[in-house]
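K.L.:
Once you've had a glance at the structure underneath, I'll fire off some questions.
Number of protein chains: 2
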Amino acid sequence: MKLVFSFGDGKAEGDPTRKDLLGGKGAGLAEMTSLGLPVPPGFTITTEVCRQFTRDGQLAVDLPRQVDEALTQIEARLGMRFGDPSAPLLVSVRSGARASMPGMMDTILNLGLNDETANGLAKRTQNARFALDSYRRFIAMYADVALGVKREHFEAALDEARGRVGKRNGLDATRLNAEELRRKVTDAEIPEAELAHVVTAFKAIVKTQTGKAFPNDPKEQLWGAIRAVFHSWSNHRAVVYRKMHDIPESWGTACNIQSMVFGNLGDTSATGVAFTRDPSSGARTLYGEWLPNAQGEDVVAGIRTPMPLRRQAHLVDPRADHALETRMPEAFAKLVTISAALETHFRDMQDLEFTIQDGTLYMLQCRSAKRTGEAAVRAAVEMVKEKLITREEALLRVDAASLDQLLHPALDPAAPKTLLACGLAASPGAAQGRITFSADEAERLAGQGEAVILVRIETSPEDIHGMSAARGILTARGGMTSHAAVVARGMGKPCVAGTSALHVSYPDQTVIISQYDDNGRKSGQVVLKKGDLITLDGGKGHVYAGALPTVSAELTGEFAELMSWADATRTMKVRANADTPLDARNARGFGAEGIGLCRTEHMFFNESRIRAVREMILADDATARDKALAKLLPEQRNDFAEIFRAMHGLPVTIRLLDPPLHEFLPQEKDQIEELAGLLGVSVAQVERRIKDLHEYNPMLGHRGCRLGITFPEIYAMQVRAIVEAAADVVSEGLVVLPEIMIPLAMTREELVRMRGLVDTVTDEVFASRLPVVFAFGTMIELPRAAVCANELAQVAEFFSFGTNDLTQCTLGLSRDDAGKFLPAYVTSGILAKDPFVTIDRAGVGALVKLAVDGGRSTNPNLKLGICGEHGGDPESIQFFRDQNLDYVSCSPFRVTIARLAAAQAEIRFQRESHAKGSLTPRETHES
Amino acid sequence: MKLVFSFGDGKAEGDPTRKDLLGGKGAGLAEMTSLGLPVPPGFTITTEVCRQFTRDGQLAVDLPRQVDEALTQIEARLGMRFGDPSAPLLVSVRSGARASMPGMMDTILNLGLNDETANGLAKRTQNARFALDSYRRFIAMYADVALGVKREHFEAALDEARGRVGKRNGLDATRLNAEELRRKVTDAEIPEAELAHVVTAFKAIVKTQTGKAFPNDPKEQLWGAIRAVFHSWSNHRAVVYRKMHDIPESWGTACNIQSMVFGNLGDTSATGVAFTRDPSSGARTLYGEWLPNAQGEDVVAGIRTPMPLRRQAHLVDPRADHALETRMPEAFAKLVTISAALETHFRDMQDLEFTIQDGTLYMLQCRSAKRTGEAAVRAAVEMVKEKLITREEALLRVDAASLDQLLHPALDPAAPKTLLACGLAASPGAAQGRITFSADEAERLAGQGEAVILVRIETSPEDIHGMSAARGILTARGGMTSHAAVVARGMGKPCVAGTSALHVSYPDQTVIISQYDDNGRKSGQVVLKKGDLITLDGGKGHVYAGALPTVSAELTGEFAELMSWADATRTMKVRANADTPLDARNARGFGAEGIGLCRTEHMFFNESRIRAVREMILADDATARDKALAKLLPEQRNDFAEIFRAMHGLPVTIRLLDPPLHEFLPQEKDQIEELAGLLGVSVAQVERRIKDLHEYNPMLGHRGCRLGITFPEIYAMQVRAIVEAAADVVSEGLVVLPEIMIPLAMTREELVRMRGLVDTVTDEVFASRLPVVFAFGTMIELPRAAVCANELAQVAEFFSFGTNDLTQCTLGLSRDDAGKFLPAYVTSGILAKDPFVTIDRAGVGALVKLAVDGGRSTNPNLKLGICGEHGGDPESIQFFRDQNLDYVSCSPFRVTIARLAAAQAEIRFQRESHAKGSLTPRETHES
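If you want it as structure tokens, here you go:
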């Protein structure tokens, strides 16, 4: 089998479309070589070798022969030889997976150097300083990557040299810290003699740290580097990165060996990176940075401040003009031409690496550029106008999830930050405020105009008012779909959840934040107290000290244009989960085409209502319950009317009461006493009721329509509120499309009874008010409901998949408890994804499919939607499109993402159907 | 449509096989008429009329015409006329559903009487006393059943008459209570004149109670009675009874109208009931009771003591011989002949009602006789020997569940009892003992030889030692599959669970039992304290005051014979769920063919071990955990070795640790302090760990193989204990067939890792010990596992369905919490059955089927079993046979039931396959 593919002199053995085999870097090098661009010759060892190495722990038997052959080809092309002091060939060794992966070992430069070849290099280039500079760089990089010697040792030795140089230059090195010293004494200022010392010191470090001398044999160096590349595929950082970015373990990485060109050969040499457009704004202008007399690593190392490629228009002092455009105009012109050619060729924004050796430009890498959401949108739309890509391609170019960045204010990237802890990026956006530990206090302080961050071990429905009042929410426990996360996303409020380093003490009103070193060992702690300022970055899951400045993103014209293409492309509707009139108006603003889930219980927590709710729960019989319910009726009716007005002309799905009743009762002694006093019953009575209502597994308890069966008067009140409100709003001349949704249905019979109850109430209401057309349907959130969907569809006119609960039941996984093992399950690959974020296709998805098929077999006009958290996840949206669902419903702030994702899903679905020759006409039952 | 079917004079219009249309009673009457037996003519109104009445609330339009026609036919046959004083036709009106249903309105006799026809009857029979006796009986029965006047009113009036008679006879009636008075003054002693008073008084009662006069018109009486019969189908008692006995609502009842014959026409008349064999023992002898000069109701009313049909052999005083055989030898001889003929005809034991009028025998009912488990077994086996039925029929004749009665000691039926409360019949058998509220105390007292009943709000794994020590368990909460119920059944220990009338106070060490009247209103309470004696009847769910005597059932030879036929018939194996060597030996005694579920964690609660278990849980790292595990290893190994010895030659499936770790930690402050002391850590540390381990939904939490993934060292210890024990026992020359079972698998990947762990440990063990062949498999208890069974079967060699958890997840129903609404769900028909008792075929069953198909599609040799509670439920066993499972596993005490049920399932499966023409050869993979 061919394991090694050479490139050089305008010819590449490898097929540049085979990124799976060559990796992204290898494919780019092959492509650029084929295009006739100036690429130093080299070769790529395929990902297949890595896969085999990972599996068997050893390299393919035939690899040495093929590598030698390829090396010989380079030697022939360049007239140099590996290990030959008279004309030493040096190479770089770099990993390159199919997708860019910063977690892995990246680069070893100048490989092939030892005392002899370094000497030879010095002679050949007549530049001993350059040869020593290259040598010391190589030793440090190789020792770090292939021998496991920490970089700090070499930094320290280099700092000593800098100190000596500084002292000679008259600096008081003892008054400078390392960083200052590095700025004052640049690498270029370290003279040859001092570099010779450094090389000796570096070799001694390797000897001390590894017990062995630094390998002199270039071949030994080469194989050490190749092994290090393949090893690095399995290192911890890489594994974590892959999990985070959905990169399969099985891909493996390729390894690229390329002849060196030198940016550190003097002032006519340089190295740099370039983007074909601005990766931050998307503006169509060559963007990038460079450093003269430097090697690749220096640009990103941050020791020297890199300089811009283009001349800055506003520069007053021309001496300050360090642009490549000014300093090396020829090389710059060539870079501009190549950059344009590559973008046209790849029809996408490129990220380039280049080196200039003695004035000659060499290309070392090209790949599709990472970009911000804003840049992605702008570039995609502009490329359509430049006729570079189609609208469909533009829609596929933008990562739907990245739109989040365009919708939430973000932390000012320039501001200095002190990171305190990392949790889950539960709800995006930045928020600053004073720490408060109770919902009541959050509400009180917010009422006084204070910005507060609500910090809780976790939140519960009782905290809603405090969450609503706070600028952001920080919890110690709970996952991406914990109460805090779900509610925060629903509110469009920043939230960092499941921050395990937090130890919240309510009695002390403090939060202790453990600090960890790079090895995960606890290294200290920070204690914050009530009133301290912190900042959350909900998009990253970061917690910072103090109040950091934010910048608010602007919705550009391109964004609106892209969304209009998305809306024209997608067939699946996008609704929002919205519980209040404010939510509803917000959702409509984001382009929601209806409400897919209005959780009536969220209206119950308002202070004026919770009393009546508790009275209802503590009622001894239906009469007392009716009395309490009568107090809630007008409140609910008003809410519904407001929501209907906000959504006029669009469907509104209202779910009847779902959570177990104990969620509405107080837990604290003083609140219990207060409640008892209010209701005129004994404390013991309240406590007994709370105890009665206690459940071992509330998730599987007395909730959903089980409440409607047991306490029909509660559901009757809610149905009455819905249809009375609808009738009222219709009489105002507005169009109302209410959909009454029964939660947690398990059997057809439950729906029959609930339908009977609904009919009884609506008949009564319509006797005195304008009759309103409404739909009756159910959530599908229990595996049994999915399996028996054909029966449920005899009664339900629509299904809405509650994929949160369906996931919990199907996987036997409580989202509130899974934090102890689920992250490890995902990291170690037992589960490919967090099933609460992206739908588990094999398990939960199979049940969804069963339900879709079963439901439609009974009722071909059944309307199908999904209102779980998965409704805002692009990958899940693809699945829902593939199942021919009529709509997805997600939190208002994810509506935009879902609209784009639905368009992308449609495009992919059509392409796939087309490929299969099975183009199914899309039927939709959504009004 | 024909709604009315006549019978009489040897001819019956109705097809006697159409019990669905005629009901059991109507079919029996038609059959007996066709056989030429002496049956008074009459007619049956079909169940279709009832169904329509229940649905529409009114009787079929054509019914009056058809009833009139049938009535005219009777009149013609008998030469009497309905309402004609000169030759009054009287009829009985009786309900009769397809299955016998004591919950419904039963009988109205003598219908057609009013002042005129009573007078006419007196003249025609020349027996005014008889006519008045019949009249007063009719008024009371009719008023009770059709007019809703309580029986007590009439009893009181009759008692007054008895008082007057008694006084005249010289009794001091004031010193007698009602019951004594009724014994002293029999109905026969009440003279004509007094009966005339009674009739007048009865009519006055009706007037007072209903505000209307008693209906005089026989036709009005007839239609009132017919409506009452059909109404009674829907009364509460009937609905409850149907739910309890799986009788569908849709069956409806028929209504039988039959001309009266009179057992109360004097001393040559009589009434009685007979069984063709002894319904209690099954002995082949006519068995029954009779009363001279009486009507049907008197025999069962209990006022007069009925007399035996047969002469008692041991009677010393011939004057005491009241046997029908002696007193009416001719009628008796005829009854014997008819009885034998009917049994031969129906090929089953019959329950007969007869009346003798003036020496002539009339048959009023025949039906398949209810019988005890013992009688069912004996009769079935004897009938095979009599060549009346085949072995297959004999196997089908015995209700498998009724074998419970043969296996557990029962309360002496003759003992007087004070019923305190009713709960769920969670585990059969009778137990008496002193109340104790804590497991520790139960253990202590039992150690002192005291018989104790453990009374808990509910039990948890921490109570196991107390449950084991107690004679019986009584809980206030929890269903048929609550911890208490499951463990008690596993131990073969009587248990009454979910006794909602109990209010247990641990601080007061009392249990308050609320008392309710017939209408469900609280009528009082009983307070019992620690040390009070109570008796449980776990087979009925009854709690009695004091210590009642028990009788232990004997296993007769017929029982053993029947079971041998069952074993020869069934193809599905029956294993037991057994956690200890004792359980294992017990199970083998009951005929278990292996252990299908050995729950290793039950071994963890022993006092010497729980400390090590807690030490392990509190360990900070794997090293500390290993130290604690090392203490558990020898203990587990010993247990396994003992179990392997007990089950030599049979497979033993051992499930690795399943419950969440918090179940093993103490909850009480003092225990926590003790534990902290023992382990040398702070109380706060223990408390923090307990808090850390707290879960919102432990059912869906960190348990099952999730523990094995997170703490591989725990599973490694268990696997080591299993294979080391197996190797040791094999070296003793015994055959060991261990099956290692992974709980709560969700993904194939989990099994891959667990298999890897098992292989690592076994490779190590087998390096120094005899290698042992073992199987590796998984429980299927999550819906995802069922859906992805094809993937799991790539790794698992066997599946065992954990239908308890599968039911919980599929239905989203926590068995610990469902008590609040599940009973109502079953009673009101939302669920046909308690899904924790009988498998929910449509939901859970569909997933089982998916898993069977998926698993076998991957691995045709996959061994399939089920070890949930459903493994002991006959109806569920049928389902498992239909799915071609290899075995069921149930608690030891249900093994016998399961063996018979598996035989019955096999017969039905073969018959059905034969009927479908799709006889599938049975493949079994069980060794």
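Read top to bottom, the protein sequences are chains A and B. Using the working numbering, read the first sequence as starting at 1 and increasing by one per residue. Using the working numbering, read the second sequence as starting at 1 and increasing by one per residue. Glycine is no exception: its CB is placed at the ideal position from the N, C-alpha and C atoms. These numbers were taken from a predicted model, which means no experiment stands behind them.
1. Going by C-alpha to C-alpha distance, which of A30(A), I877(A), D882(A) sits closest to V888(A)?
2. How about L528(A) and A547(A): do their beta carbons lie closer than 7 Å?
3. If we require 3 or more residues per run, which beta strand (DSSP E) segments fall completely within the stretch 806 to 857 of chain A?
4. Which chain A residues sit within Cβ distance under 7 Å of Q808(B)?
5. Ignore the nearest five residues each way along the sequence and tell me which others in R720(A)'s own chain have a CB closer than 7 Å to its CB.
6. Kindly indicate which three-state DSSP category G10(A) falls into: helix, strand or coil?
7. Starting from M101(A), trace the alpha helix (DSSP H) both ways and give me its first and last residue.
8. With A431(A) and G472(A) assumed to form a contact (beta carbons below 8 Å), what rounded beta-carbon distance in angstroms separates them?
9. When the Cα atoms are used, what is the spatial distance from H914(B) to C422(B)?
10. Run through chain B and tell me which residues come within less than 8 Å of F821(A), C-beta to C-beta.
11. For V848(A), is the classification buried or exposed, using 16 other Cβ atoms within 10 angstroms of its Cβ as the cut-off for buried?
12. Apart from the five residues on each side of it in sequence, which residues of its chain come closer than 6 Å, Cβ to Cβ, to Q910(B)?
13. Given 8 Å as the limit, is there contact between the stretch 134 to 149 of chain B and the stretch 196 to 205 of chain B, that is, 3 or more CB pairs closer than that?
14. Taking a Cβ distance cut-off of 9 Å, strictly less, list which residues of the stretch 769 to 793 of chain B are near chain A, in chain order.
15. Give the single residue among P88(A), G433(A), L286(A) whose Cα lies nearest to the Cα of E450(A).
16. Give every residue of the same chain whose Cβ lies closer than 6 Å to the Cβ of V185(B), excluding the five residues on either side of it in the sequence, and list them in chain order.
17. Take G541(B) as the anchor and find which of D567(B), A501(B), K530(B) has the nearest alpha-carbon.
18. So, using beta-carbon positions, are I435(A) and V504(A) closer together than 7 Å?
19. Using the beta-carbon of each residue, which ones in chain A are nearer than 7 Å to N577(B)?
20. With a cut-off of 7 Å, does the C-beta of I108(B) fall near any C-beta of chain A?
21. Does P634(A) come out as helix, strand or coil in the three-state DSSP assignment?
22. I need the straight-line Cα distance from G302(B) to L109(B), nearest angstrom please.
23. Measure the alpha-carbon distance for Y506(A) versus L474(A) and round it to whole angstroms.
24. Which word fits C50(B), buried or exposed, when buried means at least 16 other C-beta atoms lie within 10 angstroms of its C-beta?
25. Output the boundary residues of the beta strand (DSSP E) element that contains S800(B).
26. Here's the rule I'm using: 16 or more other beta-carbon atoms within 10 Å means buried, otherwise exposed. How should H236(A) be labelled?
27. The beta strand (DSSP E) with P215(A) in it runs from where to where?
28. For chain B, check one thing: does any of its Cβ atoms lie closer than 7 Å to the Cβ of G302(A)?
29. For T747(B), return the contacting residues in chain A, with the cut-off set at a CB-CB distance below 7 Å.
30. Reducing DSSP to helix, strand and coil, say where I468(A) ends up.
31. Quick one, are the C-beta atoms of G57(A) and L90(A) less than 7 Å apart?
32. Assuming G296(A) and D404(A) make a contact with CB atoms under 8 Å, what is their CB distance in whole Å?
33. State the DSSP-derived secondary structure class of T924(A), mapped to helix, strand or coil.
34. Taking the straight line between their C-alpha atoms, what separation do you get for S927(B) and H602(A)?
35. Just to check my reading of the structure: R94(A) and G24(A) have Cβ atoms closer than 8 Å, yes? What is that Cβ distance to the nearest angstrom?
P.N.:
So, to answer that:
1. On the first sequence, residue 888(A) is found 888 positions in, with the first residue counted as 1. When only C-alpha atoms are compared, the closest one is I877(A).
2. Start at 1 with the first residue of the first sequence, and residue 528(A) comes out as number 528. Start at 1 with the first residue of the first sequence, and residue 547(A) comes out as number 547. For L528(A) and A547(A), no; Cβs fall outside 7 Å.
3. none
4. Sequence index remark: in the second sequence, residue 808(B) carries index 808 (1-based). The contacting residues are L700.
5. For the purposes of this step, residue 720(A) is taken as residue 720 along the first sequence, with counting starting at 1. Within the same chain, R720(A) has close Cβ partners L633, V761, V765.
6. Walking along the first sequence from the start, residue 10(A) turns up at place 10. Coil.
7. Within the first sequence, the letter at position 101 stands for residue 101(A). Taken as a continuous stretch (DSSP letters only), M101(A) belongs to no alpha helix (DSSP H), as it is neither H nor E.
8. Reading the first sequence from its first residue, position 431 is the one you call residue 431(A). Reading the first sequence from its first residue, position 472 is the one you call residue 472(A). With a Cβ gap of about 3 Å, A431(A) and G472(A) count as contacting.
9. Along the second sequence, one-based indexing puts residue 914(B) at 914. Along the second sequence, one-based indexing puts residue 422(B) at 422. Taking the straight line joining both Cα atoms gives about 45 Å.
10. In the first sequence, counting from the first residue as 1, residue 821(A) sits at position 821. Within chain B, the residues near F821(A) are H702, R706, I709, T710.
11. Taking the first residue of the first sequence as position 1, residue 848(A) is located at position 848. V848(A) is buried by the Cβ-count criterion.
12. Start at 1 with the first residue of the second sequence, and residue 910(B) comes out as number 910. Correct list: empty, nothing qualifies.
13. yes
14. E781, L782, P783, R784, A785, A786, V787, C788, E791
15. For the purposes of this step, residue 450(A) is taken as residue 450 along the first sequence, with counting starting at 1. Nearest C-alpha to E450(A): G433(A).
16. Numbered from 1 along the second sequence, position 185 holds the residue referred to as residue 185(B). Cβ neighbours of V185(B) beyond the five flanking positions: R162, V165, G166.
17. Taking the second sequence and counting its residues from 1, one reaches residue 541(B) at position 541. The candidate whose alpha carbon is nearest that of G541(B) is A501(B).
18. On the first sequence, residue 435(A) is found 435 positions in, with the first residue counted as 1. On the first sequence, residue 504(A) is found 504 positions in, with the first residue counted as 1. For I435(A) and V504(A), no; Cβs fall outside 7 Å.
19. Within the second sequence, residue 577(B) is the residue found at index 577, counting from 1. Under the 7 Å cutoff, chain A gives no residues; its nearest Cβ is about 20 Å from N577(B).
20. What you label residue 108(B) is simply residue 108 of the second sequence in a count that begins at 1. It does not; no Cβ of chain A falls within 7 Å.
21. Stepping through the first sequence from its first residue, residue 634(A) is reached at position 634. Here P634(A) sits in helix by DSSP.
22. Against the second sequence, residue 302(B) aligns to sequence position 302. Against the second sequence, residue 109(B) aligns to sequence position 109. Confidence at G302(B) is low in this model, with a pLDDT of 49, below 50, so the placement of that residue is unreliable and no value is reported for it.
23. For this step, residue 506(A) is matched to residue 506 along the first sequence. For this step, residue 474(A) is matched to residue 474 along the first sequence. Roughly 14 Å separates the two Cα atoms.
24. Here residue 50(B) refers to the residue found at position 50 when the second sequence is read from its first residue. C50(B) is buried by the Cβ-count criterion.
25. Looking up residue 800(B) in the second sequence gives position 800. 798 to 801 is the extent of the beta strand (DSSP E) around S800(B).
26. For the purposes of this step, residue 236(A) is identified with residue 236 of the first sequence, where counting begins at 1. Flag for H236(A) reads exposed.
27. To locate residue 215(A), count along the first sequence from 1; it is residue 215. Careful: P215(A) lies outside any beta strand (DSSP E) and carries neither H nor E.
28. Residue numbering aside, residue 302(A) sits at position 302 when the first sequence is read from its first letter. With a pLDDT of 49 at G302(A), under the threshold of 50, the predicted position of this residue should be treated as unreliable, though the coordinate-derived value follows. Answer no: the Cβ-Cβ gap between G302(A) and chain B never drops below 7 Å.
29. For the purposes of this step, residue 747(B) is taken as residue 747 along the second sequence, with counting starting at 1. By Cβ distance, chain A contributes I830, L831.
30. Locating residue 468(A) in the first sequence gives position 468, where the first residue counts as 1. The displayed chain sequence assigns Ser, not Ile, to residue 468(A). If DSSP states are grouped into helix, strand and coil, S468(A) belongs with the helices.
31. By 1-based counting over the first sequence, the position of residue 57(A) is 57. By 1-based counting over the first sequence, the position of residue 90(A) is 90. Going by C-beta atoms, G57(A) is not nearer than 7 Å to L90(A).
32. Translated into positions along the first sequence, residue 296(A) becomes position 296. Translated into positions along the first sequence, residue 404(A) becomes position 404. So it is not a contact: roughly 32 Å between Cβ atoms.
33. The residue you call residue 924(A) lines up with position 924 of the first sequence. Reliability fails at T924(A), whose pLDDT of 48 lies under 50, so the model's placement of it is uncertain and no value is given.
34. What you label residue 927(B) is simply residue 927 of the second sequence in a count that begins at 1. What you label residue 602(A) is simply residue 602 of the first sequence in a count that begins at 1. Because the pLDDT of S927(B) is 44, which lies under 50, any placement of that residue in the model is unreliable, and the question is left without a value.
35. Your numbering for residue 94(A) matches position 94 in the first sequence. Your numbering for residue 24(A) matches position 24 in the first sequence. Not confirmed; about 11 Å, so no contact.
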